[in-house]
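Okay, structure first, notes after.
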Amino acid sequence: MTIDRVAARAGVGKQLIYRVWGSKAEVVAQAVLQGTFSLGVVPVPETGDLRVDLEFWLTARAEAILAPGGRSVARALAAASAGGPDRRELFDEVLTHPAGAVVVARLERAVAVGEPVPPAPPEVVADLLTGYLSLATLGAAPLDPERLRAVVDAVLPAPR
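In structure tokens form, the structure reads like this:
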């Protein structure tokens, strides 16, 4: 996503875009918060193997981040969310909570059917997984399959 492309699609000059929004981060933020642009919620599959399911989910999220423009959009959202407590709460509501909710739901289903689950509360596990993705989005952590497996290994009990 570039301001040039946004301006061209809107049929206006990019100067107008900057005058109204001030930055690319603000354009992305408004588009996400208004529902014009969605990052989508990737559900955690339910194969009966929580470890496999969480690895699949992390890998799918990593692929979205690594896709062309993925990091750029995520970084713009991170920058825009720093605009104050109200802005952070709104971003949590639109982005963070939905991602964590699918992990929590899968962990709760695992408990219900007797799968081995982490000793930490589901919300904490969701925070750890989504937090790792956030860190990786900013470029401070790798998103390769080995690291993603290690992240899942760190939150789940050892296999029986």
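In terms of our numbering, the numbers along the sequence shown are unbroken and rise by one, the last being 510.
For every residue, glycine included, the Cβ atom is placed at its ideal position computed from N, Cα and C.
Can you give the Cα-Cα distance for residue i and residue j, rounded to whole angstroms?
i	j	result
R421	I415	5 Å
I353	E465	48 Å
V452	L366	39 Å
E396	G433	37 Å
A417	V394	19 Å
P518	R411	With the chain running from 351 to 510 in the structure shown, residue 518 is simply not present.
V444	E376	15 Å
G361	V378	18 Å
Assuming residue i is part of the alpha helix (DSSP H), what are its boundary residues?
i	result
L479	P472 to T487
D494	Where D494 is concerned, there is no enclosing alpha helix (DSSP H), given that its DSSP letter is neither H nor E.
V356	I353 to A360
K423	In the sequence under discussion, the amino acid at residue 423 is Val, which differs from the Lys named in the question. V423 -> alpha helix (DSSP H) spans G420 to S431.
V467	That residue, V467, is in no alpha helix (DSSP H); it is neither H nor E in DSSP.
E443	Element bounds for E443: n/a, residue is neither H nor E.
A375	K374 to L383
A412	L400 to L416
L366	K364 to W371
Relative to the C-alpha of residue i, which candidate in the options has its C-alpha closest?
i	options	result
T480	P435, D399 and V505	V505
A430	L383, V474 and R355	L383
V474	L485, A490, G489 and L457	L457
T487	H447, A455, A428 and P435	A428
A381	T446, T409 and A426	A426
Mind checking whether residue i and residue j have CB atoms under 9 Å apart?
i	j	result
E405	V467	no
W407	V392	yes
P495	R401	no
A470	Y482	no
A476	A500	no
Below 8 Å, can you find three or more Cβ-Cβ pairs linking the stretch 372-383 to the stretch 453-462? no
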